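Take a look at the structure below.
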Amino acid sequence: MNNFNFYSPTEFVFGKGRENDAGKYVKKYGGKKVLIHFGGQSAQKSGLLDRVKSSLEQAGIEYKELGGVKPNPRDTLVYEGIKLCRGENIDFILAVGGGSVIDSAKAIAMGVEYDGDFWDFYSGKQPEKALPVATVLTIAAAGSEGSGDSVITKEDGMLKRGAGSDLLRPRFSIMNPELTQTLPAYQTACGATDIMAHVFERYFTNTKEVEITDRLCEAVLLTMIKETPRVIADPNNYEARANIMWAGTVAHTNIVGVGREQDWNSHGIEHELSALYDCAHGAGLAVIMPAWMEFVYKHNVMRFCQMATRVFGCQMDFENPEATALAGIKAFRTFLHGIGMPINFDELGAKREDIPALVEKFGLGDGRTGGFVHLSSDDVAQIYNIAANAEI
Ligand code: NZQ
Ligand code: ZN
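Heads up: take any position in the sequence shown, counting from 1, add 78, and you land on our numbering.
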């Protein structure tokens with residue numbers, strides 16, 4: 079196991095009705111004038127926004143509102159948010175929504191405290207200050223409610239890029255699984271896929287002797303395999319929703335990834351798809367992640383056999399370990415298909431002829447990237463090709 083620091087300062091406030099305490103927690107963390115940031119319509123329609131506002135009013139906290147965050151959140155609204163916060167002397171940002179809303183809130187939080195262009199933080203610069211951010215989570219997926227990451231798309235050229243800093247970790251995150259009961263089945267499945275991908279990015283490692291994190295990863299994956307079909311069949315199943323919601327946070331605070339080298343190529347390769355086609359990140363991952371596995375499994379066949387046997391219940395074939403590894407990957411793709419995810423370019427709405435452009439935008443040039451297997455541009459093109467043509 080490698081040396082590590084684990085820093086997860088967020089207070090997670092979990093369970094039924096907890097959004098009614100939003101005002102109390104903003105007060106606890108020093109917010110006096112809040113920007114409530116939200117998405118398209120789900121939070122208004124469900125009445126959540128009204129409940130959050132009345133909670134702030136009861137706590138005597140002033141607020142302004144900025145809605146309209148789109149999935150794959152855009153830089154244009156971030157600029158608007160920065161201007162609004164400065165003009166109104168906002169000192170705290172409360173994101174009410176999913177990963178897109180939270181990531182947009184984090185971008186605004188950095189931008190308000192910075193004289194230059196906030197996009198610098200999505201081009202490698204580290205922030206020195208940021209307004210405090212907190213969340214009321216409405217979808218189990220990105221894990222942004224506990225992570226120090228934010229992913230924003232620059233509208234000019236549709237460049238999707240990430241920023242990371244511990245300053246972005248939310249002060250608190252309110253997580254009421256009931257709020258996720260209004261999700262369409264497709265969004266629920268996209269979220270589940272993203273959660274599993276966050277685990278796999280960490281599970282496939284070259285670091286030896288990481289039994290505890292291996293087993294934690296497998297626990298999250300097994301939970302997702304059990305609970306996702308239950309919520310797809312019955313969207314109001316609170317207990318299954320609750321397990322998935324906490325799994326989403328555990329998958330991405332990095333508690334399952336400490337002390338080990340991680341990969342993250344599938345995410346980078348997917349981000350080009352959601353940037354170009356504006357598809358859901360989870361749907362893009364359903365197409366890319368098994369393709370990436372098929373491309374790299376020979377690098378460590380026994381690790382893929384471990385996944386196949388421990389996570390997907392495949393029989394180990396000691397005569398032919400490669401067959402076991404491939405059976406595990408097939409079981410993963412079949413599971414994703416079963417929960418309604420696309421498995422190839424046609425089903426996602428992506429085009430084979432765009433592959434050279436996707437590789438170009440991925441921007442590797444002659445370099446290599448990735449923790450588990452160092453991929454070249456050529457390798458990335460091959461993964462897009464496997465993804466384009468995948469079948470069950
Ligand atoms: O805008 P509204 O109307 O709220 O609709 C949203 C949106 O259309 C809807 N939704 C959310 N909660 C709902 C609901 N509909 C009904 N009932 C509810 N309770 O769901 C749609 C998707 O929402 P979004 O926030 O985009 O989903 P998600 O949480 O999957 O976030 C995706 C974004 O997060 C990034 C992705 O790249 C993508 O841009 N990621 C962020 C990460 C991070 N910050 O740590 C890590 C991830 O790997 C990921 O890259
Ligand atoms: Zn993700």
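We put the CB at the ideal spot given by N, CA and C, even for glycine.
Only a predicted model underlies this, so the values are computations on that prediction, with no experimental measurement involved.
In whole angstroms, what separates the C-alpha of residue 128 from that of residue 383?
It is roughly 50 Å from the alpha-carbon of residue 128 to the alpha-carbon of residue 383.
Hey, would you say residue 354 sits closer than 7 Å to residue 362, going by beta carbons?
no
Contact defined as beta carbons within less than 8 Å: I believe residue 323 pairs with residue 344. What is the distance between those atoms, to the nearest angstrom?
Not really, about 23 Å apart at Cβ, beyond 8 Å.
With C-beta atoms as the reference, is residue 237 less than 7 Å away from residue 168?
no
Kindly give me the distance between the Cβ atoms of residue 177 and residue 219, rounded to whole angstroms, as I take these residues to be in contact under 8 Å.
6 Å
Rounded separation between residue 434 and residue 463 - CA only
10 Å
Give me the residue from 390, 213, 216 with the minimum Cα distance to residue 301.
Comparing Cα positions, the closest option is 390.
Any heavy atom of ligand 2 closer than 6 Å to the beta-carbon of residue 272?
In terms of side-chain proximity, the C-beta atom of residue 272 is found nearer than 6 Å to a non-hydrogen atom of ligand 2.
Run of the alpha helix (DSSP H) containing residue 139, from where it starts to where it stops:
That residue, residue 139, is in no alpha helix (DSSP H); it is neither H nor E in DSSP.
Alpha carbon to alpha carbon, what distance is there between residue 429 and residue 250?
41 Å
Delimiting residues of the alpha helix (DSSP H) encompassing residue 320:
316 to 330
Buried/exposed call for residue 452, threshold 16 Cβ in 10 Å
exposed
Where DSSP assigns a beta bridge to residue 152, which residues make up the other side?
231
Assumed close pair residue 191, residue 208 - CB separation to whole angstroms, cut-off 8 Å:
About 6 Å separates the beta carbons of residue 191 and residue 208, which is inside the 8 Å limit, making them a contact pair.
Would you identify the three-state DSSP class for residue 452, choosing helix, strand or coil?
When DSSP states are grouped into helix, strand and coil, residue 452 belongs to the coil group.
How would you write the range of the beta strand (DSSP E) that residue 303 sits in, first residue to last?
It is not in any beta strand (DSSP E) - residue 303 instead sits in the alpha helix (DSSP H) that spans 289 to 311.
Beta-carbon proximity of residue 224 to residue 291, cut-off 7 Å:
no
Just to check my reading of the structure: residue 268 and residue 360 have Cβ atoms closer than 8 Å, yes? What is that Cβ distance to the nearest angstrom?
3 Å
Residue 471 to residue 105 span [Cα, whole Å]:
Beyond the ends of the chain as shown, which are 79 and 470, falls residue 471; an answer cannot be given.
Does the Cβ of residue 456 lie closer than 6 Å to at least one heavy atom of ligand 1?
no
State whether the stretch 241 to 259 contacts the stretch 197 to 216, with contact taken as three or more CB pairs (one from each stretch) at a distance under 8 Å.
yes
Determine whether the beta carbon atoms of residue 271 and residue 80 lie at a separation below 7 Å.
no
Could you check which residue in 309, 348, 443 has the C-alpha nearest to that of residue 265?
309
In terms of residue numbering, what span does the alpha helix (DSSP H) encompassing residue 433 cover?
For residue 433, the uninterrupted alpha helix (DSSP H) run begins and ends at 433 to 440, by DSSP.
Should residue 304 be labelled buried (16 or more other beta-carbon atoms within 10 Å of its own) or exposed?
exposed
Neighbourhood of residue 180 by C-beta, 6 Å cutoff - its chain only, sequence neighbours within 5 removed:
Cβ neighbours of residue 180 beyond the five flanking positions: 173, 213, 222.
Through-space distance from residue 283 to residue 404, alpha-carbon basis
18 Å
In whole angstroms, what separates the C-alpha of residue 147 from that of residue 82?
Taking the straight line joining both Cα atoms gives about 35 Å.
For residue 274, does the count of other Cβ atoms within 10 angstroms reach 16, so buried, or fall short, so exposed?
buried
Any heavy atom of ligand 1 closer than 6 Å to the beta-carbon of residue 336?
no
Ordered along the chain, which non-local residues of its own chain (more than five positions away) have a Cβ less than 7 Å from that of residue 395?
A distance below 7 Å between beta-carbons, with the five flanking residues on each side excluded, links residue 395 to the following residues of its chain, in chain order: 401, 402.
Since residue 252 sits in a beta bridge, which residues does DSSP pair it with?
91, 214
Cβ of residue 120 within 6 Å of any heavy atom in ligand 1?
Result yes, Cβ under 6 Å from ligand 1.
If you compare alpha carbons, which of 199, 134, 426 is closest to residue 244?
199
Between the C-alpha atoms of residue 193 and residue 166, what's the straight-line distance to the nearest angstrom?
So the two alpha carbons sit approximately 17 Å from each other.
Which one or two residues does DSSP pair with residue 377 in a beta bridge?
Residue 377 pairs with nothing; no bridge assigned.
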